[in-house]
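Order-wise, the sequence lines are chains Y and F. Just so you know, we're using our numbering here: the first sequence kicks off at 1 and counts up by one. Just so you know, we're using our numbering here: the second sequence kicks off at 1001 and counts up by one.
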Amino acid sequence: KAGVTQTPRYLIKTRGQQVTLSCSPISGHRSVSWYQQTPGQGLQFLFEYFSETQRNKGNFPGRFSGRQFSNSRSEMNVSTLELGDSALYLCASSGGTGVVTEAFFGQGTRLTVV
Amino acid sequence: AQSVTQPDIHITVSEGASLELRCNYSYGATPYLFWYVQSPGQGLQLLLKYFSGDTLVQGIKGFEAEFKRSQSSFNLRKPSVHWSDAAEYFCAVRSSGSARQLTFGSGTQLTVLP
Chain Y
1 KAGVTQTPRY LIKTRGQQVT LSCSPISGHR SVSWYQQTPG QGLQFLFEYF SETQRNKGNF
61 PGRFSGRQFS NSRSEMNVST LELGDSALYL CASSGGTGVV TEAFFGQGTR LTVV
Chain F
1001 AQSVTQPDIH ITVSEGASLE LRCNYSYGAT PYLFWYVQSP GQGLQLLLKY FSGDTLVQGI
1061 KGFEAEFKRS QSSFNLRKPS VHWSDAAEYF CAVRSSGSAR QLTFGSGTQL TVLP
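This is the structure in structure tokens:
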């Protein structure tokens, strides 16, 4: 079974631009979550999507948004990039209809804002 | 709100020595607990999880963890460390509800001496 796939692996953007990151979950998984990892703040939850609906959202500004498609693939978008948005963005998928499931992470997208 | 504390930022052990990484959590009900490992520039790999039942759980790569409700702890152990275990280790907690948001500790960086 293929794992969680995130594209691209690396991105360099200029301050003020916008960026879209993509995540393909494990086949059959309907929940996709996004996390931001920085040296200063550690791993922070951005949002979770389940069956195309945002189920939970972390404490991030509205510049951070996401969506999920009918095939469970998810994208997150960051508009008006700031230098502080430089981070490793991780996507996690979890599956099954039960509550008790674990999350599997992708390799991440390393975003650098210059 | 749930929280996780990993008191040790950095631990150094010699190859072949035993290892214990500490994790304390704060959560009102029975939590779901996880340990993940991250190599440089990579995503997170699940080592083990606790949902319910036996408080001593076995994971991959020879790791185990013990859930102690009275101490709100979920410490990770390995009897004999290998050089390839050098990485950063994260403890995480998730609510027992339907939301799959993970709250992570700040991580423990493990260095293994030859």
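Using N, Cα and C, we set each Cβ at its ideal position, and we do this for glycine too.
Of all C-beta pairs linking the segment 1100 to 1108 of chain F to the segment 43 to 60 of chain Y, three or more are shorter than 8 Å, placing the two stretches in contact.
Note that the segment 31 to 43 of chain Y does not touch the segment 1017 to 1025 of chain F; fewer than 3 beta-carbon pairs, one per stretch, sit closer than 8 Å. Using a 10 angstroms sphere on the CB of F69 (chain Y), the tally of other CB atoms stays under 16, which defines it as exposed. Here the alpha carbons of T1005 (chain F) and I1011 (chain F) stand approximately 15 Å from one another. Within the same chain, and ignoring the five residues on either side of S86 (chain Y) in sequence, the residues whose Cβ sits closer than 7 Å to its Cβ are L111, T112 and V113.
Secondary structure of Q1071 (chain F) (DSSP, three-state): helix. In the DSSP secondary-structure assignment, Y1032 (chain F) is bridged to F:R1094. In chain Y, no part has a C-beta under 8 Å from the C-beta of L1056 (chain F); the shortest such distance is about 18 Å.
With three or more CB-CB distances shorter than 8 Å, the segment 8 to 22 of chain Y counts as touching the segment 65 to 81 of chain Y. In chain order, E1020, L1021, R1022, C1023, A1065 and E1066 place their CB closer than 7 Å to the CB of N1075 (chain F), counting only its own chain and leaving out the 5 sequence neighbours on each side.
Q1038 (chain F) and G16 (chain Y) have their alpha carbons spaced roughly 31 Å apart. Within the segment 29 to 70 of chain Y, the runs of beta strand (DSSP E) at least 3 residues long that lie entirely inside it are, in chain order, 29 to 38, 42 to 50, 53 to 57 and 64 to 68.
An exposed status is given to G1041 (chain F), since fewer than 16 other beta-carbon atoms sit within 10 Å of its beta-carbon.
Neighbours of R1100 (chain F) across chain Y, judged by C-beta separation under 7 Å: S31, S33, E48, S94 and A103. Per DSSP, the continuous beta strand (DSSP E) segment holding T20 (chain Y) begins and ends at V19 to S24.
Nearest to F104 (chain Y) by C-alpha distance, out of F:L1113, F:A1017, F:G1107 and F:A1092, is F:A1092. Ranked by how close their Cα comes to the Cα of G95 (chain Y), the residues Y:S31, Y:K13 and Y:I12 have Y:S31 in first place.
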